[in-house]
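What follows is a set of notes on a single structure, which appears directly below.
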Amino acid sequence: MKIKRYKHARRYLNFYRNIFHFRDPHQILIDGTFTQMALRYKTDIKDQMPKYLGGEVQLLTTKCAIAETESLGSELYGASLILKRFLVRKCGHRPNPVSASKCFMSLVGEKNENHYFVATQDPDLSREVHKIPGTPLVYINFNAIVLEKPSAFSQHEGEEVATHAVTGGHQTDTLKQIKKSVFGEEEQKKRRRRKQKGPNPLSVKKKKKKKVDPSQMRKKTEEGKTRRTRKKVKIAKHVKEHLQQKATAENR
Ligand SMILES: [Zn+2]
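The opening position of the sequence shown corresponds to residue 5 in our numbering, with each subsequent residue numbered one higher.
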């Protein structure tokens with residue numbers, strides 16, 4: 005499980021590096037929901053984040069995120085303490101702080117040009133992050149940090165970037181490589197499933213033949229002469245049918 009988690013993280017990070025030009029140290033915007041979860045499951049963010057992402061990281065937050073966490077009362081006291089240990093990124097909301105969600109999205113902007121990661125457990129913020137291509141989302145699942153699979157928007161952007169960046173015969177190969185590296189073999193599986201759908205034309209033909217057969221079969225058993233030997237030997241259906249038809253023709 006642990007190995008798989010790391011393997012996925014490598015894959016997704018490679019995607020962000022190749023398509024969106026992410027470089028170390030990764031800048032991670034962290035909100036109070038994330039530190040709260042880390043506290044609950046005793047996850048040491050400072051220790052685990054660089055290990056998991058396999059390189060240097062900058063753990064960041066904003067005054068808005070701290071203010072929001074503090075405003076939520078004593079339950080989030082510990083979470084706000086952890087948050088305060090991180091570097092504070094200037095957000096420009098100073099006199100009138102906004103929600104962490106709004107604040108982070110204003111830093112990410114429309115293209116996430118500063119290559120921020122967003123670390124949150126907030127489903128609303130996660131949804132907003134998904135809409136901005138090239139914005140990695142990090143969350144905590146029990147005591148494990150998880151880098152989410154690139155969103156559909158990121159995947160789409162990735163395909164476009166790959167198509168424009170490469171020309172000629174390499175184009176499809178590169179696209180395939182990127183798809184494979186990020187999304188594994190899922191696409192292939194889907195194709196296989198599609199192939200299996202729908203009736204097999206061969207089996208349909210056989211059924212039609214069977215409809216004709218029963219009367220002939222009964223005739224055969226009534227006569228009962230050659231039946232025994234045929235039953236013992238396993239003969240392919242179509243051979244059987246052929247033999248039966250031949251036999252009835254002869255009997256006539
Ligand atoms: Zn702010």
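The C-beta atom is built at its ideal place from N, Cα and C for all residues, glycine as well.
Since this is a predicted model, take the numbers as computed values, not measurements.
Are the Cβ atoms of D266 and A69 separated by less than 7 Å?
The structure shown does not extend to residue 266, since the chain is modelled only from 5 through 256, so no value can be given for it.
To the nearest angstrom, how far is the alpha carbon of R89 from that of E163?
38 Å
Going by other Cβ atoms of all chains shown within 10 Å of its Cβ, with 16 needed for buried, is Y120 buried or exposed?
buried
Apart from the five residues just before and just after A83, which ones in its own chain have a Cβ nearer than 7 Å to its Cβ?
G36, T39, Q40, L43, T73
Looking only at its chain, what residues have a beta carbon closer than 8 Å to the beta carbon of R98, apart from the 5 residues adjacent to it on each side?
K67
Close-in-space but distant-in-sequence residues of the same chain around K135 (CB under 7 Å, 5 per side omitted)
F157
For V61, which residues of its own chain have a beta-carbon under 7 Å away from its beta-carbon, when the five flanking residues on both sides are left out?
P29, H30, I32, M53, P54
Residues bridged to T65 [DSSP beta-bridge criterion]
V92
Identify which residue in P101, A13, R93 has its Cα closest to the Cα of V112.
R93
Length of the line joining the Cα atoms of S103 and E117:
21 Å
T66 Cβ short of 6 Å to ligand 1 heavy atom set:
yes
Only counting the same chain, and skipping five residues up and downstream in sequence, which positions put a Cβ closer than 7 Å to that of E227?
Bear in mind that a pLDDT of 48 at E227, under 50, signals an unreliable position, so the number given afterwards is only what the model happens to contain. Correct list: empty, nothing qualifies.
Does I136 come out as helix, strand or coil in the three-state DSSP assignment?
coil
Buried or exposed (CB count within 10 angstroms, at least 16 for buried), F26:
buried
Simplified DSSP assignment, three categories, for L151:
strand
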